[in-house]
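Asks: This structure is in structure tokens; I'll ask about it shortly.
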Amino acid sequence: MSASTHNGFTKKDIRNLVLIWILGTGFAVLTAFASLALYNPELLNPTRDMATTHWLSAPVTPIAEAVRVNWAFTIAIIFPFLFCPIMTLVYCMVKFTEKKNKQPSHIHENVPLEIFWTIIPAVVLVVMAVPSYAILKQLENPPAKPDVVVEVVGAQYYWQYYFPKYDVGMTDDGTGDSPVYFPKNKIVQLNGTSNQVNHAWWVPAFGIKFDVIPGRINSGWVKSRHTGYFKGQCAELCGALHAFMWIHVKVVEEAEFYQWVIDNEGTIPFDEIEKVRALLGDEAVAPFEIDETEEVEA
Ligand SMILES: [Cu+2]
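Take the sequence shown: its letter number 204 is residue 203 in numbering that gives the first Met the number 0, and every next letter is one higher.
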């Protein structure tokens, strides 16, 4: 059978396809952005508030920013794998119709092609895995010694927090009336566990999600660049009221954080008293008084 009896794949087809891949992918990406902008222009604002758009909260920590960049990078790298095969299929459906191609070729197996489409996705997976694992490692390990350590306990169905350094604890009952306070621009290390079943502490704006598991301690850390009120949720199906296990975090300036500690009958550690006096005034921390009327047993 001579080569002229059927239409094969020519160099021109390859050139056409590469052009279609590039234009088609670009068109798809532009359409996605345009439809987002038409639906709600605020969705394209990188500092948008999730409470008003219900779409990907604005990142406020270095981890959340790294997660967002990695997300965009991953989407960009996997989009061609979605579009290119679809466009190739459509191209072949149009070009090799029965009318134009009476006697189809019977090609099977193409070793160079199979090596190509095995190696390229494998390389792409490695390219995606390297930054992802780097971020996972960062997520668990703060860049320096934490400024504040918080013990987080998941309960059915609320969250408890305890700050050992300040001997202050509180419960977030899920209504939003009792948020936990974190100081802005400070490394807050969270050590989480659970008293009964598995839960997960998840605040999207912080880029943090870690499981809290009975008998184990898992960690995450937050260093928020902005003050504000951030909402999260338990991310592990934990029982009947799982959906109401909200997380409320208020990130405040350092002075307001210390005021919160004092208002909640916490203790200012000795080495921070001078700083707290400078921030809140002398009367904020009562001087240490010895009650001389109290009898001391010999
Ligand atoms: Cu839960």
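Ideal Cβ positions, reconstructed from N, Cα and C, are used throughout, including at glycine.
Is there contact here, the stretch 180-199 with the stretch 212-222, by at least three beta-carbon pairs under 8 Å?
Replies: Taking 8 Å as the limit for Cβ pairs, the verdict is that the stretch 212-222 does touch the stretch 180-199.
Asks: Near residue 163, which residues of its chain fall below 7 Å by C-beta distance, leaving aside the five closest residues on each side in sequence?
Replies: Closer than 7 Å at the Cβ level, and outside the excluded window around residue 163, lie 148, 150.
Asks: Which parts of the stretch 191-272 are runs of the beta strand (DSSP E), unbroken and 3 residues or longer, counting only runs that do not cross its ends?
Replies: Runs of the beta strand (DSSP E) inside the stretch 191-272: 198-202, 207-211, 217-221, 227-233, 245-251.
Asks: Starting from the Cα of residue 248, find the closest Cα among 129, 172, 36 and give me that residue.
Replies: The shortest Cα separation from residue 248 among 129, 172, 36 belongs to 172.
Asks: Which runs of the alpha helix (DSSP H) spanning at least 4 residues fall entirely within the stretch 9-81, listed in chain order?
Replies: Counting only runs of 4 or more, we get 10-38, 49-52.
Asks: Relative to ligand 1, is the shortest distance from any of its heavy atoms to the C-beta of residue 264 smaller than 7 Å?
Replies: No, since every heavy atom of ligand 1 falls outside the 7 Å radius drawn around the Cβ of residue 264.
Asks: On the DSSP bridge assignment, give the partners of residue 171 in chain order.
Replies: In the DSSP output, where bridge partners are listed per residue, residue 171 has 158.
Asks: Between which two residues does the alpha helix (DSSP H) containing residue 115 stretch?
Replies: Start and end: 110-139.
Asks: Using only the heavy atoms of ligand 1, determine whether one of them is closer than 7 Å to the beta carbon of residue 247.
Replies: No - ligand 1 has no heavy atom lying nearer than 7 Å to the Cβ of residue 247.
Asks: Which residues in the same chain have their Cβ closer than 7 Å to the Cβ of residue 235, if we skip the five residues on either side of it in sequence?
Replies: Closer than 7 Å at Cβ, skipping near neighbours: 197, 198, 199, 210.
Asks: For residue 142, which three-state DSSP category applies?
Replies: In this structure, residue 142 counts as coil in the three-state DSSP scheme.
Asks: Is it buried or exposed, residue 190, if we count other Cβ atoms within 10 angstroms and call 16 or more buried?
Replies: Burial call: buried.
Asks: Output yes or no for whether 8 Å exceeds the beta carbon distance between residue 266 and residue 161.
Replies: Cβ distance not < 8 Å, so residue 266 and residue 161 don't count as in contact.
Asks: Can you tell me the Cα-Cα spacing of residue 240 and residue 178, whole angstroms?
Replies: Between residue 240 and residue 178, the C-alpha separation is close to 19 Å.
Asks: How long is the line joining the alpha carbons of residue 55 and residue 174, rounded to whole angstroms?
Replies: Approximately 22 Å between the Cα atoms of the pair.
Asks: In chain order, what residues of the same chain lie with their CB nearer than 8 Å to the CB of residue 27, ignoring the 5 residues before and after it?
Replies: Excluding residues within five positions, the ones whose Cβ falls inside 8 Å are 78, 82.
Asks: Does ligand 1 have even one heavy atom less than 7 Å from the beta-carbon of residue 219?
Replies: Residue 219: no, Cβ never under 7 Å from ligand 1.
Asks: CB-CB under 6 Å to residue 245, same chain, minus the five flanking residues each way: which ones, in chain order?
Replies: Here the set comprises 173, 232.
Asks: Do residue 241 and ligand 1 come close, with the Cβ less than 7 Å from some heavy atom?
Replies: Yes, the Cβ of residue 241 comes within 7 Å of a heavy atom of ligand 1.
Asks: Which class does residue 97 belong to by DSSP, given the choice of helix, strand or coil?
Replies: Coil at residue 97, not helix or strand.
Asks: With distances taken Cα to Cα, identify the nearest neighbour of residue 132 among 40, 261, 66.
Replies: Ranking 40, 261, 66 by Cα distance to residue 132 puts 66 first.
Asks: Residue range of the beta strand (DSSP E) that residue 314 falls in?
Replies: Look at the range of the chain in this structure, 0 to 297, and you will see that residue 314 is not part of it.
Asks: Determine the DSSP secondary structure at residue 151, reduced to helix, strand or coil.
Replies: Three-state DSSP puts residue 151 in a strand.
Asks: Compute the distance between the beta-carbons of residue 309 and residue 256, then report whether it is under 8 Å.
Replies: Outside the displayed range of the chain (0 to 297) lies residue 309, so it cannot be described from this structure.
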